[in-house]
Every structure is written in structure tokens, then in C-alpha cells.
Amino acid sequence: MPRSLIVHENFLSRVKARDLPAGAPPTPGLAPHEMVALFRSQCLSRALDRTSRAMQKAGQGFYTIGSSGHEGMAAVAHALRPSDMAFLHYRDAAFQIARAAQLGQSIARDMLLSFASSSEDPISGGRHKVLGSKALAIPPQTSTIASHLPKAVGAAYSLGLARRRPPEHRSLPVDALVMASFGDASANHSTAQGAFNTAGWTAFQSVPLPLLFVCEDNGIGISTKTPRGWIEASFRARPGLRYFRADGLDITETYAVAAEAADYVRSRRKPAFLHLRTVRLYGHAGADLPTTYLSREEVEAEEANDPLLHSVRLMADAGALTPDEALAIYLETQERVDRVAAEAVTRPRLKTAADVMASLIPPPRPCAPTNGPSSGARAAAFGADLKAMAEPQPMSRLINWALTDLMLAHPEIVLMGEDVGRKGGVYGVTQKLQTRFGCDRVIDTLLDEQSILGLGIGMAHNGFLPIPEIQFLAYLHNAEDQIRGEAATLPFFSNGQYTNPMVLRIAGLGYQKGFGGHFHNDNSIAVLRDIPGLILACPSDGAEAAMMLRECVRLAREEQRLVVFLEPIALYPMRDLTEEKDGGWMRTYPDRSRRIPFGEIGCHGEGQDLAIVTFGNGMYLSQQANFTLRENGVAARILDLRWLAPLPLEAMLEATRDCRAVLVVDECRRSAGGPAEALMTALAEAGRTRIARVTAEDSFIATGPAYAATLPSAAGIAEAALALVRT
1 MPRSLIVHEN FLSRVKARDL PAGAPPTPGL APHEMVALFR SQCLSRALDR
51 TSRAMQKAGQ GFYTIGSSGH EGMAAVAHAL RPSDMAFLHY RDAAFQIARA
101 AQLGQSIARD MLLSFASSSE DPISGGRHKV LGSKALAIPP QTSTIASHLP
151 KAVGAAYSLG LARRRPPEHR SLPVDALVMA SFGDASANHS TAQGAFNTAG
201 WTAFQSVPLP LLFVCEDNGI GISTKTPRGW IEASFRARPG LRYFRADGLD
251 ITETYAVAAE AADYVRSRRK PAFLHLRTVR LYGHAGADLP TTYLSREEVE
301 AEEANDPLLH SVRLMADAGA LTPDEALAIY LETQERVDRV AAEAVTRPRL
351 KTAADVMASL IPPPRPCAPT NGPSSGARAA AFGADLKAMA EPQPMSRLIN
401 WALTDLMLAH PEIVLMGEDV GRKGGVYGVT QKLQTRFGCD RVIDTLLDEQ
451 SILGLGIGMA HNGFLPIPEI QFLAYLHNAE DQIRGEAATL PFFSNGQYTN
501 PMVLRIAGLG YQKGFGGHFH NDNSIAVLRD IPGLILACPS DGAEAAMMLR
551 ECVRLAREEQ RLVVFLEPIA LYPMRDLTEE KDGGWMRTYP DRSRRIPFGE
601 IGCHGEGQDL AIVTFGNGMY LSQQANFTLR ENGVAARILD LRWLAPLPLE
651 AMLEATRDCR AVLVVDECRR SAGGPAEALM TALAEAGRTR IARVTAEDSF
701 IATGPAYAAT LPSAAGIAEA ALALVRT
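Counting from 1, one number per residue, gives the positions in the sequence shown under the UniProt record's numbering.
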């Protein structure tokens, strides 16, 4: 007999026999009708769990990680306001149900449509079984390792900033708090630990952070037990984080303690940690058999502590409901869920690739028009830099000026990252910005890439336009799931109702002479090109960087896109092209009205003998190689891709159509996900036969004199080009 049926039969028999588990008397705070309402939410959560298993067995449902044993979260929802944003653990159906009840919503059908993967599912549109609701301020996610905690920290931080600098698209009330729940096993993950540390680090400095962490401690993660007492020992005395503890089997105690914790967070604007005892019933998921890794006695002991049985006892003790009345609610709820499920499984589902992919790209949003900053505001911000704008400058300075103009025009823009403020960034790209705009718009963060990205993702939830910085491309790998698993998936799993507009700046790629090695010279962008819906931009000179950055901000602000702006480190200070002091790679600051549209490639030259297709440092090297090509009578054109994801393949094919040969120059590794693979494939599929590529070797990059030994060179590009045109 499956454990779900055993738990069900135990509930029926024990309530009928008045064989209820012992426990403390009801904690004051809940009125009788509130206790009954919470019990109804608990019963609905339990019925949905049982029905989801029946649906899966019948081939009509597709996800069975349930909430049985965690129904006490209904009381946590009751202690919060429906406008408090909640990032939920996947076992928190009772929370969502209780919150819906606060607003008078009936949510059973909505959740069953999700179980059935129906396209009418109001949150994901049939793409996944997720908890979530725009009306209930519950962003959907599929996190199983607490990867939603860093963005919860960011959303909580945004509340204080929004009080001082309300953004146009603010979505949370000024007196809201943010709640994030998770399991005891997930608390050990580096992502979660980073979020706890960041919250404490922030609060320790008296920065407002109204955030409530809720740890649902059922003592086990799939099959691995959490050491007894570990969570309390880890969090009771954590700096900057107030600790609360409650028995999640007791809805009255849970409500009282959760209300106390919520009042502390809301009134003090400080984070708190609510440690909630729960049990896990049925095992980890539908196919999981807990008796394969737990003794039968352990499993039965947990089942004997069924929180619904505790609720029946508490209601009887409080005079709110008799056991027979409670049993009638339980049975009626299961009958209603079965009835609604029979209809939900008949509703349409996604069928085509186009159906599934329809929510990858978020919808545009209307933004208030702006004429940009006044001349007086610009003069005050730029100071002496205004005069320098008429002179050619290196890329780093032009990016700085573009950021300044953008922050003047759009007060919702916030920069964050390690060293971006007082120091002005590792390469000085953000220097003076903190002085110009203040510490709350140019934020020096702690050294934790997950927290940096989480801060940006969470702030975007409340209408800000974050521009986080990752110091070096290789450091992104410490936190790439924040982009792949959180930011990029949010519009997909919410059918466009929730989005993460942001512009992530990353200093990267190779060719640094005096500083580097594989941490600071990294030429792997495969992880970024692998993320559906993400836009990856890479400029090659300062003027193009300024114009592309403006377009990236427009894409994030107006079209709610997730954009990565990859800045070639070696080109930051580049001044010369062929000879010392020739100034061949410096540019003047382009007029503020000029942008390079998304997907538009750059074309330099009109030669038809050869087209060189490249980007970033490859553009610089190809320009150098072109001098050799001219000396050998080769008329070439050089195409700057600019946009690396999605690749502008049609534009590339059109721009090379009248060229006799095409050489792709890609500074990424030859067989490690660089753009060359897709470019060569597109050219071959278009029937082009005279094609070749120059790439980096499949190697890490060395420090010292061999810094460029594994990378494309101007001489190597010229040699490959001449060989190609002479075949």
C-alpha cells in the first residue's frame, strides 16, 4: 500500500476514534473561525497531493513533489500580508492556498491545471508545475537548492531604496516585507549560505533589509538526514539575523511566532530567521519509497505526527470545530478536488515548439518618456569631463560616460558589484559614479557573485533597472545558476507575468599582457550562449560600446530583456592600432541620441575577395591583419557581429553574400561553444564552400609572455586569410 494511502487511512481512523496526538494547548492569537479557515487550507493542500499522485498514475499529471507534512505554512501565510512578496519552497502549497483565501480566491482549479500541464494554467501556461501567482505576489520558480534566496535578499533591499527613490515600475508597498522559504537540506547549499551571510552582512551595517527566512525543517533531504539540532545550532546566534523557532505541526503556535517574527522584520526593517519544525510524509516525491532508506518505525513515527491530526486536536480544544466536523471538511475537500481534477485533465495542453517558447521573450512594458538630463545636470555630473568629450578616448572612459548619461536619464538604474563604487572598478570603468550618484545607486557589495546577481535580480522585481558587474568572466561560473536557473527562467515559468530586466556587465575575454592567467583572462562564453532568451552583446571599440550599452539599457527597460554586456578587458585602455601613439583605436563620445540597434552588425570595408566575420578583440586583430591583406592585393571587408546571442545569422549571411570567401575569427575555444561553430554551420547550410575559421586553442590561458600563445593573432589571421583566398 502506498504511504499516501496509509496516511489517509490513518487520518480517517484516528479522527473517528478520537486518537489524536498529544501536544500543547492552543496558543492564543487565532480566533476559532481563523483556525477553521487554516484547516481548510491544510485539507486542500493534502487533497491536492493525493490527487496529483492519482493523476500521475493515470498519465494525466506530471509532478508529485507534495506538501504533506508542511501544511503549517498556511499559518505563516496568515501571519503575513498578501502584498508581502513570497519566494516559496516547493512544498508550500498550503501557503499559497491560505494566501489566496486572504483575498477570497478559490485556487484549487488553478493548481490542478498546473498539475495537468494545461495551457490554461494561470501561472506557467502549462510549462511546469510551479507554485506562483501574480495576484498573490508569489513569483514562480523551480528551485530545489534554495537558489531563490539571493534574489529574496535583493527584493528586500529594494524596499528601502524604493522609499527614498521610488522607481517608475515599483510593484511592492513601502511597508512590505519579503519572505523566502526553503528546506533544512537546502540551507546547506552555498547559494543559501551566501544569502544568509549577505543578509547578516547588510543588517550588521544597519542597512534596511525587511526579510523573513523560513526554514521548514523536516530533518531530511531526499534520503540524507540533517543532523539533529544542526539548523538551530547554525542560526540561533548568527550575526545580524534574529532567530525565531516554532512547531510547524501546531498552527496556533506557528501563527503566533510567525506574526511576532513578521512584526520584528516589518517594524525594525531587519532580517529574521524562522525555524519551523515539520515532518515529511510520503517520501521525497511520488516515486520515492522512504522505507528504502528509513526504518519502518521512523516512517510511522513521522506519520503519527501528521499536522492535520494536530489541527483537529487544537480546534477541538479551542471549541472551534469538533473532530466529526473536521473529518467532514477533510472528506468534502477531497471529493471536491477529485471532481475539479476530472475536468482539469480535459483542458488543452501545449503542443508545439512555438507554444512552449512563446514566453521565452518577455512582453514589452510602457515607460514614461524622457528627454534625458538637462545641460545643467550633465554639467554638474561630468564636470571637466564635458570638455574632454570632443577628444578621442579609450573604451573604458567612453563606457563610463555612457553609464553616467544613462543614470542621469533613468533614476531607476542601480549599479552593484565588488569595488564598483569608491575604487571605481578594477579597471576604473565606474570611477566617479558613486560620487555622482550616491552609495545607494552605486553599491559596493561583498565578495560573492551569487549575492551580486541576486541583488540585481531581486531589485528588478520591484521596478529597478539593475546593472550588476562581475569583475571577470571566469568569476561568473561561481554564480551562473542565478542567471540560468533564476533570471532567465522567470518569464518562461510565469508566462511573461514576472520578468527580470537587467544589464549584467562582465569584464572578460583574453589578451591581457601584464595580468591574467585563467581567472582574469577567460575566453569561454558557452554558458551565456546556452541560456534561452538571454541577449549577449560584445563591443569592439569605445564608441560602439557606448551606443550598444544604450541599446542594452533600452532592451532591459522597455522590453524587459535579460542582457549581458561583455566588455573586452584588453580593449579598455587600447589607444593604438598599428604603431605606438597612432591613436588608431580611440574614439570620440557619440551623441547621446545614437544607439546601435539590437541585431545590427558592423561592416568595415567593401572588399569582395574576403569577408572576415569576428567580434571583440578579433575585430582589433583583424583590422591589423587587413594591412597585410592589402599589401598582398586582397580586398576584404570586416564584419563585427556585436551581438553574440542570439547570433545575427541572417544579417551575417546577407553581408557576406557577394564575397568569394569567408573567414570566421573567434577568440573563444575551438570546440567549447564559441560563436564560430554556429557561424560555420550557418555558412555551410547556406551553400558557402570557401569558408574557414581561426579560433583559440582548447586551453586555459597562461600568465606571462605566453599570455596570447593559445589565442588568435593578427599574423595568424592574415596567414589563414591568404591561404583561403588562394585556394
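All C-beta atoms in this analysis are idealised placements derived from N, C-alpha and C, irrespective of residue type, glycine included.
Item, Value
"C-beta contact flag for L408 and A379 at 8 Å", "no"
"Beta-carbon spacing of G194, S451 below 8 Å", "yes"
"Neighbourhood of H189 by C-beta, 7 Å cutoff - its chain only, sequence neighbours within 5 removed", "I145, A146"
"Beta carbon of M574 nearer than 8 Å to that of M395", "yes"
"Other residues of its chain near G29: CB distance less than 8 Å, five sequence neighbours each side excluded", "T252, Y255, A256, A259"
"Residues bridged to Q393 [DSSP beta-bridge criterion]", "R587"
"Neighbour-count burial assignment, G286, 16 or more Cβ in a 10 Å radius", "buried"
"Local Cβ density within 10 Å of Q482, reported as buried at 16 or more and exposed below that", "buried"
"Which of helix, strand or coil DSSP assigns to R693", "strand"
"Assigned exposure category for P597 - 16 Cβ within 10 Å defines buried", "exposed"
"Residue of R336, E335, L309 minimising C-alpha distance to P323", "L309"
"Residue burial classification, D666 (beta-carbon count within 10 angstroms, cutoff 16)", "buried"
"Beta-bridge partners of S181, as assigned by DSSP", "V214"
"The segment 486-500 touching the segment 400-417, judged by at least three CB pairs closer than 8 Å", "no"
"Enclosing alpha helix (DSSP H) for H604 [first to last residue]", "Looking at the DSSP string, H604 is not in any alpha helix (DSSP H); the run it does join, the beta strand (DSSP E), is 602-604."
"Collapsed DSSP secondary structure at V442 in the structure displayed", "strand"
"Supposed contact pair A187 and C215 - C-beta distance, whole angstroms, cut 8 Å", "6 Å"
"Stretch pair the segment 491-505 + the segment 692-708: three plus CB contacts closer than 8 Å", "no"
"CB contact flag (G200, P166, <8 Å)", "no"
"Residues sharing a beta bridge with residue 730, DSSP", "The chain is shown only over 1 to 727; residue 730 falls outside these bounds and no answer can be derived."
"Per-residue DSSP class, three states only, for H275", "strand"
"Beta-carbon proximity of E469 to V527, cut-off 8 Å", "no"
"Closest residue to Y282 among R397, V414, I97, A301 (Cα-Cα distance)", "A301"
"Meets three-Cβ-pair contact criterion under 8 Å: the segment 455-472 and the segment 111-127", "no"
"C-beta atoms of I691 and V662 nearer than 8 Å", "yes"
"Spatial neighbours of I361 in its chain, beta-carbon cut-off 7 Å, leaving aside the 5 residues before and after", "G533"
"DSSP-derived helix/strand/coil call for C552", "helix"
"Burial state of K387 (16 or more Cβ within 10 Å)", "exposed"
"First through last residue of the alpha helix (DSSP H) which encompasses A203", "190-204"
"Alpha-carbon spacing of P307 relative to A94, whole angstroms", "12 Å"
"8 Å Cβ shell around A651 - same chain, five flanking residues per side excluded", "G599, E600, I601"
"In DSSP terms, what V665 is bridged to", "V694"
"First through last residue of the alpha helix (DSSP H) which encompasses D49", "32-57"
"DSSP beta-bridge partners of I138", "S133"
"Backbone secondary structure at G221 - three-state DSSP", "strand"
"Cβ shell of A543 (< 8 Å), same chain only, five flanking positions each side left out", "L398, R587, T588, Y589, P590"
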